[in-house]
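Enquirer: Protein chains in written order, with my numbering: chain W, 60 to 411; chain D, 7 to 525. The beta carbon of each residue, even a glycine, is placed where N, CA and C say it ideally should be. Supplied in structure tokens, the structure appears directly below.
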Amino acid sequence: MTAITITGLHKAFRDTAVLRGLDLEIERGSLAAILGPSGSGKTTLLRVIAGLDRADRGQVSLAGEVVDNGRHFVRPERRRVGYVPQEASLFPHLTVEQNVGFGITRPARRGARVSGLLEMVGLGGLGGRYPHELSGGQQQRVALARALAIDPQLLLLDEPFSALDPSLRASVREEVRGILAATGITTLLVTHDQEEALSVADQVAVLRDGRVAQFGTPQQLYSDPIDVEMARFLGDANLVDGTVAGPVVQTPLGALMVRPSSRWAVPLSGAAVVLVRPEQIAISSAFGAGAPGRVLHSEFHGHDSVIEVASETPLLRGVIRVRIQGSAKLEPDARVTLSASGEAQAWPMPSA
Amino acid sequence: MPGVVRARRRIPRAVLIASCLVAVLLLLPLAFLLLEARQVGWTELSALLFRRVTATLLWNMVQLAVVVTALAAVIGTGAAWCVERSDLPGRRLLAMLLVLPLAIPDFVVAFGWVSVLPAVSGYGGAVLVMTAGLYPLVYLPVAASLRGADPSQEETARTLGLGPWRAFWHVTLRQTRPTILAGCLLVSLALLAEYGAFEILGYQTFTTEIFTEFQAAINAPAACALSLVVVLIGLVVLAGEGALRDRGRVARAAHNSSRAAPRHRLGRWRWPAVGALGSLIAVALGMPIGVIVYWMVRGGSSTLPQSASVANAAGHTVLYSAAAAAVATALAMPVALLAVRSPIRAVRLLERSTYIVQGLPGLVIALALVFFALHYLPFVYQTSGLLIGAYAILFFPLAYVAVRASVMQAPVALEEVARSLGRRPLAVRLRVTLPLIAPGLAAAFCLVFLSAVTELTATLILVPTGVQTLATQFWAFTGNVSYGAAAPYAAAMVAISVVPGILLGRWFDRRPTRSAELS
Chain W
60 MTAITITGLH KAFRDTAVLR GLDLEIERGS LAAILGPSGS GKTTLLRVIA
110 GLDRADRGQV SLAGEVVDNG RHFVRPERRR VGYVPQEASL FPHLTVEQNV
160 GFGITRPARR GARVSGLLEM VGLGGLGGRY PHELSGGQQQ RVALARALAI
210 DPQLLLLDEP FSALDPSLRA SVREEVRGIL AATGITTLLV THDQEEALSV
260 ADQVAVLRDG RVAQFGTPQQ LYSDPIDVEM ARFLGDANLV DGTVAGPVVQ
310 TPLGALMVRP SSRWAVPLSG AAVVLVRPEQ IAISSAFGAG APGRVLHSEF
360 HGHDSVIEVA SETPLLRGVI RVRIQGSAKL EPDARVTLSA SGEAQAWPMP
410 SA
Chain D
7 MPGVVRARRR IPRAVLIASC LVAVLLLLPL AFLLLEARQV GWTELSALLF
57 RRVTATLLWN MVQLAVVVTA LAAVIGTGAA WCVERSDLPG RRLLAMLLVL
107 PLAIPDFVVA FGWVSVLPAV SGYGGAVLVM TAGLYPLVYL PVAASLRGAD
157 PSQEETARTL GLGPWRAFWH VTLRQTRPTI LAGCLLVSLA LLAEYGAFEI
207 LGYQTFTTEI FTEFQAAINA PAACALSLVV VLIGLVVLAG EGALRDRGRV
257 ARAAHNSSRA APRHRLGRWR WPAVGALGSL IAVALGMPIG VIVYWMVRGG
307 SSTLPQSASV ANAAGHTVLY SAAAAAVATA LAMPVALLAV RSPIRAVRLL
357 ERSTYIVQGL PGLVIALALV FFALHYLPFV YQTSGLLIGA YAILFFPLAY
407 VAVRASVMQA PVALEEVARS LGRRPLAVRL RVTLPLIAPG LAAAFCLVFL
457 SAVTELTATL ILVPTGVQTL ATQFWAFTGN VSYGAAAPYA AAMVAISVVP
507 GILLGRWFDR RPTRSAELS
């Protein structure tokens, strides 16, 4: 059973077409992310699902019920869709408790529901405060509790973490994910941060030109991007030239297996563009098989390091990024050899 | 950005139609004035305009406006800096007292001086009285701006090697310049519109001349010709301020960096500063109140029959002012909703057109309405409706400022969240929108009420026959040099306007809430 089914959704503002025939299907109980750059129509999509904007064309169904098909329209207050806008948008004149209890009936407000929700989002005891007395992360969690209070069939989160400090973002993200997993409510989260989408969601839909360009699990998207642009958008990507011969592609970094999923896309032989992720590349200071290069610099991230290497062979152009565990004891200008292994995505070389 | 696209939401038709009607209503006085001018004819108008008296009046206006505006700017800014940015002793009390002269009408201040020191008159008297009465128009916005300004800019200037004085001059003053200019605009417009104080001080300006022409001979053509000049000056001042404001935009610091600025030490200037502000308050506040009390204690009989007791006059004043406040607030509502929520070009133009009222003195609005009533609707002439209408038009800009700010306190996002939480539109308006904008509506009401209570000029012209308000009865007695009889009416006026004045002070002082930053 699907929680959301969207077919051929169109939405334009004046002359600007924002959504152009978007199709999307989200399974019940999953946490899906809508990923796209600013202006790609992510927020518009959420607003149409919530009923805050109307579709121009196409159809939106929630749990099998048509809520908008351009003529028939179910008003937002009838949809049972919890909506958490970007800035939390707590009612400033109400306390935390009153905010959370806003959407539920009076008897329900008196019960333990509100305090239970506040406990769940880790804000027990703060019910008497006003929104301006809370930190950004706390406000975000109140907004979440407020949306959960109406027992929604679907939860929509619009860039829920973008207003938070980077240091806070990861921890709030994890907490929210835990809460959502505990409730089991289908959730659609909008973000422009690919790392956030890949780390939080079960499924990711990448929006491009008003349509869903690719939809799949984070793993699928990361290893099987549909094209070069998508590969670049979803994480660090080294794009190298190669020659396909059967199931194997020869690159200056060594021979790699063409991923089964992309074999249909490339001819059985010929020039190809090959996606090699930084963690697929081994770096060694010994001279050996592989591509020679010179270290430009390395960024230490704690758990891993990214080393940028300038290629010293004409077969391999530009700078190659390599990710290794821990820290690297490589000074700039050190001579190294790069070699790749594993499976790789390949596309036919664009004829130019 | 999606947010930009989203801003173009549909404009509710009822709000749009209401706003257009309001704009038309506000432009009516100007239209009537032009209509009247057409009736008089150009030859007669030009004969009336190009007289020696016009030049004299113009010179009187300019020499007064330049000096008073400059003085008000210096005094208002200086006082604001002392209260907000220095370690001045007793600054909280001073902050309250410095605003209060706004609650005392300028004609009462003038009365205060002239009734005990008849030597205070003419140009010097006008400069003294008007500066004392109008400096809060600069002080209030500048103090608010200094409180909200980002102190890190001044601090950065200090780390870049500027001394405290130069940092103030080059950074702080520049930050607040648009605000100071806006205050100066208010001062000049108030000078242009003032009638009562100049009449008492015997200083001839456009308004006193127009009033004389109107009253003495009901010389409509002459009054009309001079009104045109006043309106023209008013509109030029408005346009100049608009141009300056567009040019002088200052990049605003993020609101959440609302760290309080550290206070400058005054050192040995401490007590001189206290003394200066103390004498300012003594002149602007102590003197008029003292004189009112003096005359009330001394009492005095009047040869003039008292046509309205204080209670009776106060009743009328409160009634008219409250009605006008309600009407003006209601008129401001649709325009503010439209301007804040549908900020498209056409709407902005409509909003701008309502600003024109700011350039029209109460006298001109009142005369235009008299003309209109006499020619087209004789039965509304001399009715309270016409007076309330004039107040509502005259004080619309005040109501609008407060209502607009309050509508910004209620971003659409909050209403949308409330809808998605299962609440119907009406419930959303009652439980979310109304509580958020209510304080602003109350402030709008208070602002208009306070101004209407102390309004004299339009009231003199439009008050129904046989009715006296506090202002008109006070005026009748002072005109007859019955100071003792006049004083209670002034006291009542001040007492009635002080309560909304204090409420207003609180509203302007409140900290911006988070929703305001997000809108």
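DSSP on W/E367, reduced to helix/strand/coil?
Expert: Strand, per DSSP.
Enquirer: So is D/S426 in contact with chain W if we call contact Cβ pairs under 8 angstroms?
Expert: yes
Enquirer: Please confirm whether D/L373 and D/S457 have their CB atoms less than 8 angstroms apart.
Expert: no
Enquirer: Thinking just about the alpha-carbon of each residue, which of W/P135, W/G385, W/L280, W/N297 is nearest to the one in W/S398?
Expert: W/N297
Enquirer: Return the CA-CA distance between D/A125 and D/G490, expressed in angstroms with no decimal places.
Expert: 19 angstroms
Enquirer: Just the chain W side, please: which residues come within less than 7 angstroms of D/P441 by C-beta, in chain order?
Expert: H152
Enquirer: I need the DSSP call for W/G334, collapsed to helix, strand or coil.
Expert: According to the sequence displayed, residue 334 of chain W carries Leu and not Gly. Strand, per DSSP.
Enquirer: At a Cβ cut of 8 angstroms, what residues of the stretch 408–424 of chain D count as close to chain W, listed as they run along the chain?
Expert: Q415, P417, A419, L420, E422, V423, A424
Enquirer: W/Y142 CB to nearest chain D CB: under 8 angstroms?
Expert: Residue contact check for W/Y142 against chain D: a CB pair falls below 8 angstroms.
Enquirer: Closer than 8 angstroms, CB to CB, is W/L111 near chain D or not?
Expert: yes
Enquirer: The stretch 202–229 of chain W: which residues have C-beta closer than 9 angstroms to a C-beta of chain D, in chain order?
Expert: A202, R205, A206, A208, I209, P211, L215
Enquirer: List the residues of chain W whose Cβ lies closer than 7 angstroms to the Cβ of D/V353, in chain order.
Expert: The premise fails here: D/V353 is roughly 15 angstroms from chain W at the closest Cβ pair, so nothing lies under 7 angstroms.
Enquirer: Rounded to whole angstroms, how far is the Cβ of W/A91 from the Cβ of W/L247, which I believe are closer than 8 angstroms?
Expert: 5 angstroms
Enquirer: If the cut-off is 7 angstroms on Cβ atoms, which residues from the stretch 435–464 of chain D count as contacting chain W, listed in chain order?
Expert: Cβ contacts with chain W come from V438, P441, L442.
Enquirer: Less than 8 angstroms between the CB atoms is what I'm expecting for D/A533 and D/L337, so what's the real figure, rounded?
Expert: Because chain D spans 7 through 525 in this model, residue 533 of chain D falls outside it and cannot be assessed.
Enquirer: What are the start and end residues of the alpha helix (DSSP H) that includes D/P278?
Expert: 276–287
Enquirer: Answer yes or no: do W/E367 and W/L375 have a C-beta to C-beta separation smaller than 8 angstroms?
Expert: no
Enquirer: Distance check for D/A79 and D/A328, CA to CA, integer angstroms please.
Expert: 32 angstroms
Enquirer: Does W/G162 come within less than 8 angstroms of chain D when only Cβ atoms are used?
Expert: Yes, W/G162 counts as interfacial toward chain D.
Enquirer: Rounded to the nearest angstrom, how far is the Cβ of D/T463 from that of D/Y209, given a contact under 8 angstroms?
Expert: In fact, because the Cβ distance is near 15 angstroms, the residues do not count as touching under 8 angstroms.
Enquirer: What do you reckon, are the CB atoms on D/A402 and D/L32 nearer than 8 angstroms?
Expert: The displayed chain sequence assigns Phe, not Ala, to residue 402 of chain D. Against a cut-off of 8 angstroms, the Cβ pair of D/L32 and D/F402 comes out as a contact.
Enquirer: Could you give the DSSP three-state label for W/H356: helix, strand or coil?
Expert: In the three-state scheme derived from DSSP, where H, G and I count as helix and E and B as strand, W/H356 is classed as strand.
Enquirer: Buried or exposed for D/M339, please, with buried defined as at least 16 other CB atoms from any protein chain shown within 10 angstroms of its CB.
Expert: Label assigned to D/M339: buried.
Enquirer: Taking only three categories from DSSP, how would you classify D/R520?
Expert: Residue placement at D/R520 cannot be trusted, given a pLDDT of 36 that sits under 50; what the coordinates show is reported in the next sentence. Shown here, D/R520 sits in a helix according to DSSP, grouped into three states.
Enquirer: Just confirm the distance between the C-beta atoms of W/V259 and W/R236, as a whole number of angstroms; I'd bet it's less than 8 angstroms.
Expert: 6 angstroms
Enquirer: State yes or no: is the C-beta of W/G243 within less than 8 angstroms of the C-beta of W/A208?
Expert: no
Enquirer: Run through the DSSP bridge pairs and tell me what W/Y142 is partnered with.
Expert: W/L215
Enquirer: Please name the residue, chosen from D/A173, D/P147, D/V148, D/L146, that lies closest to D/Q159 on a Cα-to-Cα basis.
Expert: D/A173
Enquirer: Who are W/V272's beta bridge partners in DSSP?
Expert: The residue you asked about is not Val; residue 272 of chain W is Ala in the sequence shown. Answer by DSSP bridge pairing: none, since W/A272 is not bridged.
Enquirer: To which residues of the same chain is W/A405 closer than 8 angstroms at the C-beta, ignoring the five residues directly before and after it?
Expert: G301, V303, V308, V317, R318, S321, A324, V325, A331, V332, V333, L334
Enquirer: Which residue marks the beginning of the beta strand (DSSP E) containing W/S398, and which one marks its end?
Expert: 394–399
Enquirer: DSSP three-state call for W/K388: helix, strand or coil?
Expert: coil
Enquirer: Using 8 angstroms as the cut-off, can you tell me whether the stretch 413–432 of chain D makes contact with the stretch 136–146 of chain W, which would need three or more C-beta pairs spanning the two stretches below that distance?
Expert: yes
Enquirer: Is D/F56 helix, strand or coil by DSSP?
Expert: Reduced to three states, the DSSP call for D/F56 is coil.
Enquirer: List the whole-angstrom C-beta distance separating W/H69 from W/L78, where the pair is believed to meet the contact cut-off of C-beta under 8 angstroms.
Expert: Right, their Cβ atoms sit about 6 angstroms apart.
Enquirer: Once the 5 residues before and after D/V333 are set aside, which same chain residues still bring their CB inside 7 angstroms of it?
Expert: I394, A398
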